[in-house]
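When the letters of the sequence shown are read in order and numbered with UniProt numbering, they come out as residues 1 to 214. In what follows, a single structure is set out as structure tokens and then discussed.
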Amino acid sequence: MLILAIDTATTDLVAGVVEGTGAGARTLAGACVPTRAHNETLVPEITRLLGEAGIGFADLEAVVVGCGPGPFTGLRVGMATASALGQALGVPVHGVCTHDAVAAGLGGDALVVTDARRREVYWARYAGGARVDGPDVCKPADLASPPVDVLSVPPGLAEQVAVEAREVTYAAPTPAGLVAAADFSAAPGPLVPLYLRRPDAVPPKQAPKSTALP
């Protein structure tokens, strides 16, 4: 099975072509591009990677996309692209939690933290690769967790997360991790973005009634 895996939930645009699933899966072509211009970069990068793998769009048999947690704009780019490709090619599209894809490559007990901006972080905790808490969003100082083997956190936030860990590193999602997080034995459900962020928009306050009105 040839699978296109993409993730735009973080500032790392991740895309790749993976052949097979499970232990025998191998990445034919992959890239992790630091960018905030996901909209301009994603489709050209996919096209380039398909060429590197020596295949065309018509050869793809499934698409896996990271559904966050992440900011609205980034998630919208990746998920809309995945959905459009799935419809155009007639292939299934599997949505996965981005943090699950990161944890797939860490092993042991792990805490995966990503930047939620606005002085907050997204996080999820894992035991033996299985998610046991989260994903959720909070301020770095409010993130409480039992000690873990691995803490994956962006460099600029590492000193703000007071969680005991034997190893502190930063791991971006990978094409192989995205595929490992997908359940290909089940029919894919609707893509549901994990925004987690409280909405910025609030209902307008009702204007006070004029005393001149009866």
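For every residue, glycine included, the Cβ atom is placed at its ideal position computed from N, Cα and C. Nothing here was measured: the structure is a model prediction, and the numbers come from that model.
- Where Thr-11 is concerned, there is no enclosing beta strand (DSSP E), because DSSP gives it neither an H nor an E.
- Gly-24 places its beta carbon 9 Å or farther from that of Val-14.
- A distance of 9 Å or more separates the beta carbons of Val-65 and Ala-88.
- About 17 Å separates the beta carbons of Trp-123 and Gly-105, which is beyond the 8 Å limit, so they are not a contact pair.
- Take the alpha-carbon of Pro-147 and the one of Arg-166: they are about 8 Å apart.
- Per the Cβ contact rule, the region 163-183 is in contact with the region 98-112 (3 or more Cβ pairs under 8 Å).
- Unbroken alpha helix (DSSP H) runs of no fewer than 4 residues, entirely contained in the UniProt domain "Gcp-like" (35-185), are found at 38-53, 72-89, 98-103, 175-181, following chain order.
- For Ala-31, the secondary structure class from DSSP, reduced to helix, strand or coil, is strand.
- In this structure, the alpha-carbon of Arg-76 lies about 30 Å from that of Gly-128.
- Spanning the alpha carbons of Ser-152 and Ala-171 requires a straight line of approximately 6 Å.
- Our two residues, Ala-176 and Asp-7, have alpha carbons roughly 12 Å apart in a direct line.
- DSSP lists no bridge partner for Arg-197.
- Rounded to the nearest whole angstrom, the CA to CA distance from Glu-45 to Pro-140 is 33 Å.
- If you draw a straight line from the Cα of Leu-157 to the Cα of Cys-138, it is about 13 Å long.
- In the three-state reduction of the DSSP assignment, Gly-24 falls in the helix class, which pools H, G and I.
- Ala-15 carries a strand assignment under DSSP once its states are collapsed to helix, strand and coil.
- Counting of Cβ neighbours within 10 angstroms places Met-1 among the exposed residues, the total staying below 16.
- Using a Cβ distance threshold of 9 Å, Ala-103 and Pro-69 do not count as a contacting pair.
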